[in-house]
Amino acid sequence: MLRKFLYLVLIVAGLLAGVFGYSVTRADFTTDDGASHQWREYEGQWVVVNYFAEWCAPCLREIPELNDFYQKNTPEVPMFAISFDDVSEEKLAQLKREFAIKFPLIAQLEQPLPMTRPNSLPATFIIGPDGTVKKQLLGEQSAASLRRAIDILKTL
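Per UniProt numbering: the sequence shown = residues 1 to 156.
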């Protein structure tokens, strides 16, 4: 009888460990390079998330500036972009090549983003070190305007 009870306890403990382990390691999102990310990886950092679409001319015009910002500010300020349209991973790879995007693209969302989907494009969100949206920037951005916005937010 005691042996059956111990087996039952071990089985339940194993199941609970599996469930806990899954919830701890589950990705919040996956980028186009296949890397899995959790928002808590970025706690304590400023993060930039840009929404874009291939049919949005201002979105495409700002890509070189976003590339410049990414290259000058990563890893200090991680940056990601997400397609406004629901596109396949193959289409995302095509867009990245076609428009020479240098920063990571969010390919799959497993958990909601810390911001709501924008009503207009381009839209760039600045996420603060506490994981909340600190600023939404609408319209084309430059590397300098993004850096300036983050620098101002840091003083508040």
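Note that beta-carbon positions come from the ideal geometry of N, C-alpha and C, so glycine has one too.
Can you grab the Cα-Cα spacing for the pair residue 23 / residue 29, in whole Å?
Numbered from 1 along the sequence shown, position 23 holds the residue referred to as residue 23. Numbered from 1 along the sequence shown, position 29 holds the residue referred to as residue 29. Unreliable positioning characterises residue 23 in this predicted model, as indicated by a pLDDT of 43, which lies under 50. The coordinate reading is nonetheless provided below. Roughly 14 Å between the two C-alpha positions.
In this structure, what does DSSP give as the bridge partners for residue 83?
Walking along the sequence shown from the start, residue 83 turns up at place 83. Answer is 52.
Classification of residue 50 by the beta-carbon crowding that lies within 10 angstroms, buried from 16 upward:
Counted from its first residue, the sequence shown places residue 50 at position 50. It counts as buried.
For residue 107 and residue 34, the rounded distance between their alpha carbons:
As a position in the sequence shown, residue 34 is number 34, starting the count at 1. As a position in the sequence shown, residue 107 is number 107, starting the count at 1. Between the alpha carbons of residue 34 and residue 107 lies a gap of roughly 8 Å.
Separation of residue 118 from residue 156, as counted between CA atoms
Translated into the one-based positions of the sequence shown, residue 156 becomes position 156. Translated into the one-based positions of the sequence shown, residue 118 becomes position 118. So the alpha carbons of these two residues sit roughly 24 Å apart.
Quick one: what's residue 36 bridged to in DSSP?
Counting from 1 along the sequence shown, the entry for residue 36 is found at position 36. According to DSSP, which records beta bridges pairwise, residue 36 is partnered with 30.
Which class does residue 149 belong to by DSSP, given the choice of helix, strand or coil?
Walking along the sequence shown from the start, residue 149 turns up at place 149. Helix.
Rounded straight-line distance, which links the Cα of residue 31 to that of residue 59
Taking the sequence shown and counting its residues from 1, one reaches residue 59 at position 59. Taking the sequence shown and counting its residues from 1, one reaches residue 31 at position 31. Rounded to the nearest whole angstrom, the C-alpha separation of residue 59 and residue 31 is 19 Å.
CA-CA distance, residue 78 and residue 70?
Position 78 of the sequence shown, counted from the start, is the residue given in the question as residue 78. Position 70 of the sequence shown, counted from the start, is the residue given in the question as residue 70. Rounded to the nearest angstrom, the two C-alpha atoms are 8 Å apart.
Could you tell me if residue 63 is buried or exposed, where buried requires 16 or more neighbouring beta carbons within 10 angstroms of its beta carbon?
Here residue 63 corresponds to residue number 63 of the sequence shown, with the count starting at 1. Result: buried.
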